[in-house]
Structure formats: C-alpha cells, structure tokens
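First to last, the sequence lines map onto chains A and B.
Okay, so the first sequence: first residue is 10 according to the working numbering, each after it adds one.
Okay, so the second sequence: first residue is 10 according to the working numbering, each after it adds one.
Idealized CB from N, CA, C, for every residue including glycine.
Here the structure is a predicted model, which means the values were calculated and not measured.
Structure first, commentary second.
2 protein chains.
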Amino acid sequence: MNIKKLLFKSTEINGIVLRGWITANRGNTKIRFIDINDGSTITSLQLVIKSTVSNFSDIEKWRIGSSIFVSGNLLKSKSQGQEFECDVLDVQLLSLSDDDFPIQKQEISFETLRDNFHTRHRTNILRSVMLIRSTLSKEIHNFFDKEDFLYMNSPIITSNDGEGAGEAFIVDSEADKNFFLKKATLSVTGQLHAESYAIGFKKVYTFGPTFRAEKSNTKKHAAEFWMVEPEVAFFELQNIIKLADDMLKTVIKNTISKHSAEFEFLDNKSENKLLKNLWQYLDNPLKIIDYKEAIKILEKATIVFENSEIKFGIDLSTEHERYLSENHFKGPVAVINYPKDFKAFYMHLNGDKKTVAAFDLLVPGIGELIGGSQREVRIEILNSRMRELGIDVEDLKWYLDLRRFGDSGSSGFGLGFERLIMYVTGIENIRDVIPFPRTVGNLKM
Amino acid sequence: MNIKKLLFKSTEINGIVLRGWITANRGNTKIRFIDINDGSTITSLQLVIKSTVSNFSDIEKWRIGSSIFVSGNLLKSKSQGQEFECDVLDVQLLSLSDDDFPIQKQEISFETLRDNFHTRHRTNILRSVMLIRSTLSKEIHNFFDKEDFLYMNSPIITSNDGEGAGEAFIVDSEADKNFFLKKATLSVTGQLHAESYAIGFKKVYTFGPTFRAEKSNTKKHAAEFWMVEPEVAFFELQNIIKLADDMLKTVIKNTISKHSAEFEFLDNKSENKLLKNLWQYLDNPLKIIDYKEAIKILEKATIVFENSEIKFGIDLSTEHERYLSENHFKGPVAVINYPKDFKAFYMHLNGDKKTVAAFDLLVPGIGELIGGSQREVRIEILNSRMRELGIDVEDLKWYLDLRRFGDSGSSGFGLGFERLIMYVTGIENIRDVIPFPRTVGNLKM
Chain A
10 MNIKKLLFKS TEINGIVLRG WITANRGNTK IRFIDINDGS TITSLQLVIK STVSNFSDIE
70 KWRIGSSIFV SGNLLKSKSQ GQEFECDVLD VQLLSLSDDD FPIQKQEISF ETLRDNFHTR
130 HRTNILRSVM LIRSTLSKEI HNFFDKEDFL YMNSPIITSN DGEGAGEAFI VDSEADKNFF
190 LKKATLSVTG QLHAESYAIG FKKVYTFGPT FRAEKSNTKK HAAEFWMVEP EVAFFELQNI
250 IKLADDMLKT VIKNTISKHS AEFEFLDNKS ENKLLKNLWQ YLDNPLKIID YKEAIKILEK
310 ATIVFENSEI KFGIDLSTEH ERYLSENHFK GPVAVINYPK DFKAFYMHLN GDKKTVAAFD
370 LLVPGIGELI GGSQREVRIE ILNSRMRELG IDVEDLKWYL DLRRFGDSGS SGFGLGFERL
430 IMYVTGIENI RDVIPFPRTV GNLKM
Chain B
10 MNIKKLLFKS TEINGIVLRG WITANRGNTK IRFIDINDGS TITSLQLVIK STVSNFSDIE
70 KWRIGSSIFV SGNLLKSKSQ GQEFECDVLD VQLLSLSDDD FPIQKQEISF ETLRDNFHTR
130 HRTNILRSVM LIRSTLSKEI HNFFDKEDFL YMNSPIITSN DGEGAGEAFI VDSEADKNFF
190 LKKATLSVTG QLHAESYAIG FKKVYTFGPT FRAEKSNTKK HAAEFWMVEP EVAFFELQNI
250 IKLADDMLKT VIKNTISKHS AEFEFLDNKS ENKLLKNLWQ YLDNPLKIID YKEAIKILEK
310 ATIVFENSEI KFGIDLSTEH ERYLSENHFK GPVAVINYPK DFKAFYMHLN GDKKTVAAFD
370 LLVPGIGELI GGSQREVRIE ILNSRMRELG IDVEDLKWYL DLRRFGDSGS SGFGLGFERL
430 IMYVTGIENI RDVIPFPRTV GNLKM
C-alpha cells in the first residue's frame, strides 16, 4: 500500500505500514511531526509522534531525505493542512541523509536543480512532472492498445537519416571501427520503418527515443527525446488529424483524472491558467485551417515578428506558430496543406502541385506539438521528389518497394513526447521534463 | 472492426466492411476464393466471390500482397478449413502488388526472409512473432502499472558505460565533433539512472533500447535490443526474484490468452512442445538454487561441456545455463549468490565476502533471461569494488551520492526483452524477433 492509495480511500485505517523519505521534521520535546513521502504522489503524509515512542529523543536528528519505516493508524487530522495524519506506533530510521542533501524546504531554481539530475525528482515540482510523464506514457500505450494498434520498435541505429536533414549523430564501435561496414547514424524518426509495418498490420505505432545533433540551445530542443509515431494504412489526412486529436484528448483527460494533487500544485504555480487552458482544448472541437489562411492571419497581425516576411512559401517559425495558437485561436489549431518546398519528400503532393497533405498541430506555449501527413503513394512522384532533394534513391529502395507491394496509402504523425509533457504541465524548459536531459555541450551523469 | 474481433464474436454478421491484403486467390470461372488478412491476427478470412459481382473477371489477376476493399456478410462456412467465411457483395482492388512480391504461398527460410525486413512480417511466422512482441510489451507496461511503478526513461546517450564492460558504442555529431565536450556512449543499461529514481519514487522501471558493440555473431546477441529494468527501493534479493517471477508469469499468461491463433500456429511448428513447456513454468513455483549447488550439478553432469573446467569461481556459460534449465531442472531456475569476481561492482557483497546477492534466471533454449541483484548500499564497499575493477570513482560520484541521501538499499533486474520473445515464441534466432535487427557488419534498411 502506498500513500496515494491510502489517502484515496479517505477513511480511517488502523495498522498501516509505510517506508519512505522525510520531507519535513519539526516539533518539540513532547511531540514531533514528520512528513513522509513515498513517491506515489506529491502529497506527503504527516506522522504524529508522541514522546512515548522509545526512540523519541533520536528523531529530531533525522534530516530531510532520510529513509524511514513507520507503522501506525491513519486518522482524521485534528490540525489544519491535511485531512488525514498518521498516529505513530513505531518509527525507525533506515538511512540517515547527509547534511549536504541538496533538496531542502526552501524553493530551488530550475537552474540549480539541473546540477542535481539524480536528486531533483525529490522536489514537488519535479516529482509532479515525472509522475505525469509516466502516466502520459502509459495512457498513450493504453490509447493505441484500445484502438487495436500494433506496437512496433523501429531501429535506433540506421543507415539513412530519414528526412535528409543532416542532423544525425554518427555511431561506431570504439574497439572495432566501421562496426557495421557502413556509416551508421542514430535515428531521427521511426516513420519509414513504421510505414513498412503499416502495410500488413494496418495500424501501428512506435514510441521510442530519437536523436538530433542540433546545436541550437533553445528551451524546446534536446539532443535526445522520445517520439510517438503512429502510422495507419488506408488513412488520409483528415483521418490522421482526427486520430491525433482523439489521442491527445483521451490521454490528457485520463492523466488529469489520475493526478489531482499534482495538477492542483501545477495549476497554482501557473496562477490557475494551466487547467483552464487544457480544458478549453479538451471541451472544444479542434480547429483546422489551411496554410493559406494561416498566412492571411499572420499578415494581419499587429505584432512584429522576428521573421517578418510573411507570404505564401515561408516555413512557419515558432513565433508564428505561437501567435496562431496563443494569440489568435487561443488554443490548439491544426494547419494543413503546407507548401511542399520545406516539407519532407514522402508527403502526398496535392492536386495543386504546390502543397502537400501535411498538418502541424500547434499549441499555446510550445508551437508545433505534432507534425504529420498523408504519405505519397505514387512511386514516380516519390522518385522525383527524392531527386529534387538529393536523397539517395538506392539507399531507400526498400522504402520505395513498399509502394509496389499492396500499398494503397497510409498516413501518420510524430508527437514529440517531451513537448506534450511541457504542454500538459506548463513547464517551459525541455530540460525539466526529461530525467537526464542531453543537449549540446551537456552530458551530465 | 478487424478480422480478429469479427471472428472472436463467433456469430454471423451482416454488412461487414474490411480493408486488407490478399494472402491467397484461387477459384474458377464461376466462383473465386480470396483470403484476406488485415494484420489483426494471423488468421485470414475467406472471401467467397460469385460470378455475379460486376468485376468478377478481373479478380483472378489480383496477386498475393495486393490491398483490397470488401463488403459482405459473415456467414458460417459450408466448407472445411474455417468456421466462418465472408459472402461478398462488393470487392475492389486498391493497389495491385507487383509480381516480385517476395511473400508467396510456399514457406520461405528465415535466412531468405532476413533479406526482406520490410515485408517479412507479412508471413504467418513473422506476423505471429510481431503480434506477440507487441502484446508482451503492453503486458509488461500493464504489469508494472498495476503494481504502482513509475515508468522512467533512463538516458540513451551517457558518459559512462555502466558495467565497465567496454562494449559501448561511441556517439558524436558528424558536423560538430565533440558535440557533448566529452566522450559519449550509447547506454548498455539504464540501471544506474533507474536506481537514482528508485530513491524517491520507490518502484520504478525502464523499458527502452540498449546497445552492445559485441562482435560475437551468435543467435542470441544483437547490437541493439530492448531491456526492461525495474528497480525497487527497500527490496532485498528474495523480493526482486519474486517480482521477476510474478512479472514473467503474469505477462506470459496474459499474452497466451490474447493470441490463441498465433500460439496454435507456433505450437504446431514446435511439435506441440512450446505451450507444454510454457505451462510447465506457469503452473509451478520457480526453483531457486545457490551457485554452489549449480556447480555440484554441473560437476555430476555426464555431458561434455566446451568449457569443461567446473569449479567454484567460474562464470557460467550458455551451455552450463542451458544444461541446468533444460536438462536438469527441465524448466526455469534462478541461480543466486554468484562469486563476486565476474559480477558488477554495484552488487551487494554477502557476509562470506566471496559472493554477491545476485541472481540469474535461466530458461530452456536461451540460458540467461534475466539478471538482477540486491545493490550494495555500503559506500566504502562500493568504493573499494570500483577501485578493484578500475572504474573511475569521480565519473560515478553522483551514483555514490545516492547512498548518502536516504538510500537504505534497493534491488532490480534486467530482462532482455528479445530473449523473452524467443522464449515465448520458440524462435531460435534473435534476428527473427526484432523488426529491423542490427548485428556486427549488418545494417540493412
């Protein structure tokens, strides 16, 4: 039994037994109050320890972070601040924390916490984020399971860099150079491999780490992050947008319902904007607009953009994406039918020959959360797009082969998992939603 | 609706609609029989097409692998070989497969299939394996969710190689050499990072890819494979062995119950040994023996081992492990208390100062499926073990710090996920249970 489940029962229980860590220790010579946390929730349970327990005089020396064992009775609390407390029968120190334990009562800045990846999850803020991260993961798996998707693992080490973006990390064995007898890179997407499995399994998804050797040191870029990439045969653009919207709404709703204490804490931090904004999305149909319409909106914007040239053909930058979702639509919006010129070769070319059947789902605070498309099924168009972009056709022969073997089209998207966590928790820096983040010049622990 | 769910209802249904791929096409000028598979199960649905459908004369040209759309009524079958069949009202070709589609009716060797990672999942054997792989994954997540574990992602790119085995891949950016300003390797284990999260969250697990630059070209080694690594604070050796046993039994039982068609197929392939052996494990308590007892059993074995020197102190090789599980115990067995000399530095040193509180769970056909241990909580012993093994203490200072901050011990294990799939499916080569396997000298697609 853990603290979350004990408190969820909302009833007095005799004979509870817990192990956990001290988050507060105060009192006097007659009574001591220890807060114990076991990681099941951010809520700590208050232990009330009377001077009749045999080791009472030792207890004041037990520092924050120490692990303890306790047995007692869960009773309605007579004091303010909590509904229940534990009347202690026996409490034992298991391991005393040294006095340089970095997590103490006072609030610590995110920057300082980033020097302590190995202990920062023992603060309320990181504890909330990591509990929610875990539940978001599980809810994503649950969603796809209920929708009869096959979970597949695209390879991490690949011989092609997927989108030809040239931002892939190189991999080799130190002892046996040229281990794979060819250039090996870390995957930037599992999509192409997932497409091959969609032809045969119909509905598949990947959920695994992806890598970008990007030098940009922004709040939303990391060298290593997790991606969710569903791919569905027989789906067209509107079907895959609906899937993205359904998935997001289901996953976010279920996660909120499982973490009332954590969301209360995060909502307070955000001055009660977080949950209001999330429910604004959850309770309303997703807006879908054409790229051309997005350009018109941006042209009319009174705000001055850093990238100030707004016309058909430009790639939207984060400031544009955020303007559209935060300022204009005041919520998530899907932009569709982007100009082909800055989009990947595998996207379905629309009848106008200028745009592709792609979508980006933009959310406030983040910009692009999801990017997806209907895939180009016509092999001759794929071939010419690859030539245009200088992608080695021979290298991707296996991928082109799919079109010859019963492929009547598929669609898919990529969700940056950490961006989802940021959107759902309101945390602004990607470094604070990954247990041990990796960015350019930073490889701690 | 998919074929698996339609057939599961075991009742006649009017007005079904399906999209999928042709796995067989036979008949004459009056009637045609097409088998359609949609990837939900290995079972294909027989379509009965009478000459009254308008495009009847085209249908004989539809090759295996082509995608089609069909509508009709699901009726009790009058012929042998299937319980239900689909009486077709309308059938349309969506995409014709070229005639060099490698997957045809006749059985293809595993070796040949390995030239076709992108299409081999469209055979019954690989389709079974990948459906089971997906369900095993989901059942592992479900098991830990029910047991209140936090799912955490240990980093893939690390600056230490965990066990000091020296088999790590090196990572760097091609464009910006020394991207991380220090040597970066691909993770060989997520354990050390998981340990830090167990102190605070109590019960955590990782499930992600790990990497070994091993040159050994065996049936059970791959350069890239997935590992499940739970870590539980306050657990000792016997607790973590019980967790491993409970997890395996729950996950395997649930997977069998969800894949009757796939297990029937695999069981036939194994001459009905597969399910008998799995149930032998599922229905009996796990045997646990001391390493010393294992040595005695091996000494008495009449079989001649390649590694023929059997005495206290040797590391068990696969032939020894398989002898113990296959020949002697005829089922899984956990061996505990190994000599410290060939085990990792972080394992709890037993009172005899010679052995560590570690276990390996050995299974027939594979050898080691799981390896785990109680972790050493005494910082001075950790320090001296690291010095003995030449591991840089400064590099793992953060890990040693955990012991000073309320760590009263934890235990964990690592499950090689692909070995679990091999054990559960009876497939003998790890290359056939990974969608796109990576081994020394091999990086296809």
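1) Return the residue from the list Gly376(B), Lys212(B), Lys406(B) and Met454(B) that minimises the CA-CA distance to Glu427(B).
2) Is it right to say Met161(B) is buried, meaning 16 or more other beta carbons lie within 10 angstroms of its own, or is it exposed?
3) For Trp71(B), does the three-state DSSP call read helix, strand or coil?
4) Going by DSSP, which residues form a beta bridge with Gln101(B)?
5) What do you get for Glu330(A), buried or exposed, if any count of 16 or more other CB atoms within 10 angstroms of its CB means buried?
6) Determine the direct distance from the alpha carbon of Ser49(B) to that of Asn11(B), and round the result to whole angstroms.
7) 8 Å is my cut-off, CB to CB: does Glu233(A) come that close to chain B?
8) Given a cut-off of 8 Å, decide if Lys191(A) and Ser205(A) are closer than it, judged by their beta-carbon atoms.
9) What residues of chain B sit near Pro218(A), judged by a beta carbon separation below 8 Å?
10) Listing by chain order, which chain B residues have their CB less than 7 Å from the CB of Ala193(A)?
11) Within 8 Å (strictly less), CB to CB, does Lys211(B) reach chain A?
12) Within 8 Å, do at least three Cβ pairs link the region 83-98 of chain B to the region 397-408 of chain B?
13) Please classify Trp288(B) as buried or exposed, where buried requires at least 16 neighbouring CB atoms within 10 angstroms.
14) Is the region 142-160 of chain A touching the region 121-134 of chain A in the sense that three or more CB pairs, one from each, lie closer than 8 Å?
15) Could you check the C-alpha separation between Gly171(A) and Leu201(A) for me, to the nearest Å?
16) Does the separation of the CB atoms of Val365(A) and Lys349(A) fall below 8 Å?
17) Measure the alpha-carbon distance for Glu245(B) versus Gly381(B) and round it to whole angstroms.
18) Does the Cβ of Val313(A) have 16 or more other Cβ atoms within 10 Å, making it buried, or fewer, making it exposed?
19) Out of Ile439(A), Leu371(A), Glu437(A) and Phe272(A), which has the shortest C-alpha to C-alpha gap to Thr327(A)?
20) For a contact defined as C-beta to C-beta under 7 Å, what are the partners of Ser49(A) on chain B?
21) Report yes or no: is there a C-beta of chain B within less than 8 Å of the C-beta of Thr128(A)?
22) Measure from the C-beta of His337(B) to each C-beta in chain A and report whether the shortest distance is under 8 Å.
23) Excluding sequence positions up to five away, which residues of its chain have a Cβ less than 6 Å from the Cβ of Thr259(A)?
24) Counting only C-beta atoms, is Asp67(A) closer than 8 Å to chain B at any point?
25) Is Gly171(B) helix, strand or coil when you go by DSSP?
26) Below 8 Å on the Cβ atoms is my guess for Ile319(B) versus Leu307(B); work out the distance and round it to an integer in Å.
27) Can you find a CB in chain A that lies within less than 8 Å of the CB of Tyr206(B)?
28) Kindly indicate which three-state DSSP category Phe244(B) falls into: helix, strand or coil?
29) Can you give me the C-alpha to C-alpha distance between Arg396(A) and Glu389(A), rounded to a whole angstrom?
30) At a cut-off of 7 Å, is Phe153(B) close to the ligand ZN when judged by its beta-carbon and the heavy atoms of the ligand?
31) Excluding the 5 residues preceding and the 5 following Gln247(B) in the sequence, name in chain order all residues of the same chain whose CB lies nearer than 6 Å to its CB.
32) What's the C-alpha gap between Leu3(A) and Pro341(B)?
33) Mind checking which residues open and close the alpha helix (DSSP H) that includes Asn151(A)?
Taking the geometry as given:
1) Here residue 427(B) refers to the residue found at position 418 when the second sequence is read from its first residue. Comparing Cα positions, the closest option is Gly376(B).
2) Within the second sequence, numbered from 1, the residue matching residue 161(B) stands at position 152. Classification for Met161(B): buried.
3) Here residue 71(B) refers to the residue found at position 62 when the second sequence is read from its first residue. In the structure shown, Trp71(B) sits in coil (DSSP, three-state: anything other than H, G, I, E or B).
4) Translated into positions along the second sequence, residue 101(B) becomes position 92. Phe78(B), per the DSSP bridge assignment.
5) As a working note, residue 330(A) is residue 321 in the first sequence. Buried, since its Cβ has 16 or more Cβ neighbours within 10 Å.
6) Translated into positions along the second sequence, residue 11(B) becomes position 2. Translated into positions along the second sequence, residue 49(B) becomes position 40. Approximately 6 Å between the Cα atoms of the pair.
7) The sequence position of residue 233(A) within the first sequence is 224, counting from 1. Yes, contact with chain B.
8) Here residue 205(A) is taken as the residue at index 196 of the first sequence, counted from 1. Here residue 191(A) is taken as the residue at index 182 of the first sequence, counted from 1. No, the pair does not count as a contact, with Cβ atoms beyond the cut-off.
9) The residue given as residue 218(A) occupies position 209 in the first sequence. Going along chain B in sequence order, the residues near Pro218(A) (Cβ under 8 Å) are Asn162, Ile165, Gly217 and Pro218.
10) The sequence position of residue 193(A) within the first sequence is 184, counting from 1. By Cβ distance, chain B contributes Leu452.
11) Working through the second sequence from its first residue, we reach residue 211(B) at position 202. Yes, because at least one Cβ of chain A sits closer than 8 Å to the Cβ of Lys211(B).
12) no
13) In the second sequence, counting from the first residue as 1, residue 288(B) sits at position 279. Exposed, since its Cβ has fewer than 16 Cβ neighbours within 10 Å.
14) no
15) One-based indexing of the first sequence puts residue 171(A) at position 162. One-based indexing of the first sequence puts residue 201(A) at position 192. Residue confidence for Gly171(A) is low, a pLDDT of 48 falling below 50, so the modelled location carries little weight and cannot support an answer.
16) Within the first sequence, numbered from 1, the residue matching residue 365(A) stands at position 356. Within the first sequence, numbered from 1, the residue matching residue 349(A) stands at position 340. Contact flag set, yes.
17) Counting from one through the second sequence, the residue named residue 245(B) turns up at place 236. Counting from one through the second sequence, the residue named residue 381(B) turns up at place 372. In a straight line, the C-alpha of Glu245(B) is about 11 Å away from that of Gly381(B).
18) On the first sequence, residue 313(A) is found 304 positions in, with the first residue counted as 1. It is exposed - the Cβ of Val313(A) has fewer than 16 other Cβ atoms within 10 Å.
19) To locate residue 327(A), count along the first sequence from 1; it is residue 318. Answer by Cα proximity: Leu371(A).
20) Numbered from its first residue, the first sequence carries residue 49(A) at position 40. Those within 7 Å of Ser49(A) in chain B are Asp157.
21) Reading the first sequence from its first residue, position 119 is the one you call residue 128(A). True, the Cβ-Cβ gap to chain B drops below 8 Å.
22) Along the second sequence, read from residue 1 onward, the residue named residue 337(B) stands at position 328. With 8 Å as the cut-off, His337(B) does not count as an interface residue toward chain A.
23) Sequence index remark: in the first sequence, residue 259(A) carries index 250 (1-based). Once the five neighbours on either side are set aside, the close Cβ partners of Thr259(A) are Phe152.
24) Within the first sequence, the letter at position 58 stands for residue 67(A). No, because no Cβ of chain B sits closer than 8 Å to the Cβ of Asp67(A).
25) One-based indexing of the second sequence puts residue 171(B) at position 162. Bear in mind that the predicted position of Gly171(B) carries a pLDDT of just 48, short of 50, making it too unreliable to give a figure here.
26) Counting from 1 along the second sequence, the entry for residue 319(B) is found at position 310. Counting from 1 along the second sequence, the entry for residue 307(B) is found at position 298. Between Leu307(B) and Ile319(B) the Cβ distance is about 5 Å, and since that is below 8 Å, they are a contact.
27) In the second sequence, residue 206(B) corresponds to position 197, counting from 1. For Tyr206(B), the answer is yes, since a Cβ of chain A falls inside 8 Å of its Cβ.
28) Reading the second sequence from its first residue, position 235 is the one you call residue 244(B). If DSSP states are grouped into helix, strand and coil, Phe244(B) belongs with coil.
29) Numbered from its first residue, the first sequence carries residue 396(A) at position 387. Numbered from its first residue, the first sequence carries residue 389(A) at position 380. Computed Cα separation, rounded: 11 Å.
30) The ligand ZN is not part of this structure, which contains no ligands at all.
31) Residue mapping note: residue 247(B) aligns to position 238 of the second sequence, counting from 1. Answer for Gln247(B): no residue qualifies.
32) Residue numbering for chain A in the displayed model covers 10 to 454; residue 3(A) lies beyond these limits and cannot be assessed.
33) One-based indexing of the first sequence puts residue 151(A) at position 142. That run of the alpha helix (DSSP H) goes Asn133 to Lys155.
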